[in-house]
Amino acid sequence: MDVDEHIESDSAVEGHITGEELLESRPLDPAATKQVELMRVLDMAQCSARLCICESRAGMTTATISQCKDCLVTSCKRCGGRPTHNHAPYHVDRLSSTVFEKELKAALPMCLEFSIEEDDLDCDTLTENLTLSDEGGMSTKQFRFWKETVRCAMKDFLRFTAIKRQELWLVNYESTSARLELVLSPTSKPQWFLEFGLPITETLDVKVQGTGKLDPSFKSALGLQGAFAAERVWHTWKLTVDPDDAKRLDFDISGTYKLLPDWSTFLPRSQAGRGDFAKQDCYSFSSAHRRIDFGEDRPVVAALAKSWREHDGKGVERVHAYVKRHGQGLWA
Numbered sequence: 001m002d003v004d005e006h007i008e009s010d011s012a013v014e015g016h017i018t019g020e021e022l023l024e025s026r027p028l029d030p031a032a033t034k035q036v037e038l039m040r041v042l043d044m045a046q047c048s049a050r051l052c053i054c055e056s057r058a059g060m061t062t063a064t065i066s067q068c069k070d071c072l073v074t075s076c077k078r079c080g081g082r083p084t085h086n087h088a089p090y091h092v093d094r095l096s097s098t099v100f101e102k103e104l105k106a107a108l109p110m111c112l113e114f115s116i117e118e119d120d121l122d123c124d125t126l127t128e129n130l131t132l133s134d135e136g137g138m139s140t141k142q143f144r145f146w147k148e149t150v151r152c153a154m155k156d157f158l159r160f161t162a163i164k165r166q167e168l169w170l171v172n173y174e175s176t177s178a179r180l181e182l183v184l185s186p187t188s189k190p191q192w193f194l195e196f197g198l199p200i201t202e203t204l205d206v207k208v209q210g211t212g213k214l215d216p217s218f219k220s221a222l223g224l225q226g227a228f229a230a231e232r233v234w235h236t237w238k239l240t241v242d243p244d245d246a247k248r249l250d251f252d253i254s255g256t257y258k259l260l261p262d263w264s265t266f267l268p269r270s271q272a273g274r275g276d277f278a279k280q281d282c283y284s285f286s287s288a289h290r291r292i293d294f295g296e297d298r299p300v301v302a303a304l305a306k307s308w309r310e311h312d313g314k315g316v317e318r319v320h321a322y323v324k325r326h327g328q329g330l331w332a
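Read left to right, the sequence shown gives residues 1 to 332 (the UniProt record's numbering).
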């Protein structure tokens, strides 16, 4: 059966559009942002952050929220049973994550570019304070690679990719050679993290000394018999970094570390590996001890040698610590 197809001309379509004289032309600026006070943003970030793992990316639990007095981790009454924490009531005026995300996105630019002069990218002046050697430290080849990586990272446009809601808020920008991350945490100042490839690992020595009382070791707490049944480790560890070496870290990790055996998310301490994988476990220092999501990397300031394990030995020992330079710098 033949069907007659009727195609309207452009002039006929235009006849259906009326009120064009009422339209107003305005310039479109994709980079336009809304001015918002920083303290308002931080307050809204704290009120809308995820306070329990059950809230996921956008939910808000109706159960009572509590906070651990020791590690400051928050959880709801239904989820706070395991692992054990030193709970206390936590009160905050909650705000919908959707409301804050809309407010935050309106205040953020969709594209960023570093305002930097070409002379500022002249990294050759840094060689005056560097010892370039293929035998140790940074080699000449590594420095050339580092210099080119920095130049690419500083010149590329960084485009907005996502806003992530966790126990804190993360804003991500990415380019072909770098990643910029804004961290809005309720417990610290806003921080910018710029990451780019930098294949350098530095080594420094730290002083470690066990103090306080002795607790059952990881193996003893599991109930292993024989030589492990009476195994003990120090409850508190004092760590000291030389002031000159501390300058090479994002922040000084010197201090006294108290064992919290009930707090950990999987198994106490780092001895959760099996077979040869256990040899790769090490103690690390991070600015974020929260539970991280899949695909997220924990920022590591430094890590102790893989061979070091907690023990009950007396006296001060020197332990190697490693700082991996993957191009992560702290901007506050």
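Every residue, glycine too, gets a C-beta built ideally from N, C-alpha and C.
For residue i, which three-state DSSP category applies?
i: Val99; result: helix
i: Ile163; result: strand
i: Gly315; result: coil
i: Leu51; result: coil
i: Val208; result: strand
i: Glu202; result: strand
i: Lys324; result: strand
i: Leu112; result: strand
i: Trp308; result: coil
i: Ala272; result: In this prediction, Ala272 scores a pLDDT of 43, lower than 50, which makes its location untrustworthy; the coordinate-derived value is nonetheless stated afterwards. DSSP places Ala272 in coil when its eight states are reduced to three.
i: Pro243; result: helix
i: Phe294; result: coil
i: Arg94; result: coil
i: Asp43; result: helix
i: Phe251; result: coil
i: Ala58; result: coil
i: Gly19; result: coil
i: Thr265; result: Its pLDDT being 41, under 50, Thr265 is placed unreliably in this model, and the value from its coordinates should be taken loosely. If DSSP states are grouped into helix, strand and coil, Thr265 belongs with coil.
i: Lys34; result: coil
i: Gln225; result: coil
i: His26; result: The question names His, yet the displayed sequence has Arg at residue 26. Note: Arg26 maps to coil in three-state DSSP.
i: Ala148; result: This sequence places Glu at residue 148; Ala is not what is there. Helix, per DSSP.
For the candidate residues the options, whose alpha-carbon lies nearest to that of residue i?
i: Asn86; options: Cys71, Leu184, Gln142; result: Cys71
i: Glu174; options: Gln191, Phe196, Val183, Asp297; result: Phe196
i: Ala107; options: Glu37, Ile116, Glu55; result: Glu37
i: Glu101; options: Thr62, Ala302, Trp169; result: Trp169
i: Ser177; options: Ala230, Phe145, Glu167, Gln191; result: Phe145
i: Tyr288; options: Asp205, Val99, Gln191; result: According to the sequence as given, residue 288 is Ala; it is not Tyr. Out of Asp205, Val99, Gln191, Gln191 has the C-alpha closest to the C-alpha of Ala288.
i: Leu259; options: Thr61, Leu214, Arg78; result: Leu214
i: Ala321; options: Asp205, Ala246, Gly313; result: Asp205
i: Lys306; options: Gln280, Lys314, Leu222, Val319; result: Gln280
i: Ser188; options: Asn172, Ala45, Ile116, Leu194; result: Ala45
i: Leu304; options: Leu28, Arg40, Tyr283; result: Tyr283
i: Asp242; options: Val319, Thr18, Ala63; result: Val319
i: Gly313; options: Glu231, Cys152, Ser286; result: Glu231
i: Thr61; options: Glu21, Thr18, Arg78; result: Arg78
Under 9 Å between the Cβ atoms of residue i and residue j?
i: Val233; j: Glu317; result: no
i: Val323; j: Thr203; result: yes
i: Ile163; j: Leu249; result: no
i: Leu42; j: Leu184; result: yes
i: Arg298; j: Val73; result: no
i: Ala58; j: Arg179; result: no
i: Cys47; j: Thr64; result: no
Check the DSSP bridge columns for residue i and list the partner residues they point to.
i: Glu174; result: Arg159, Arg179
i: His87; result: Cys68
i: Cys76; result: Ile65
i: Phe285; result: Ala302
i: Thr256; result: Lys238
i: Arg232; result: Pro216
i: Trp169; result: Arg165, Leu184
The segment 75–94 touching the segment 41–61, judged by at least three CB pairs closer than 8 Å: yes
contact_flag[the segment 208–215, the segment 232–239] where n(CB pairs < 8 Å) is 3 or more: yes
Given 8 Å, three or more beta-carbon pairs between the segment 150–169 and the segment 103–115: yes
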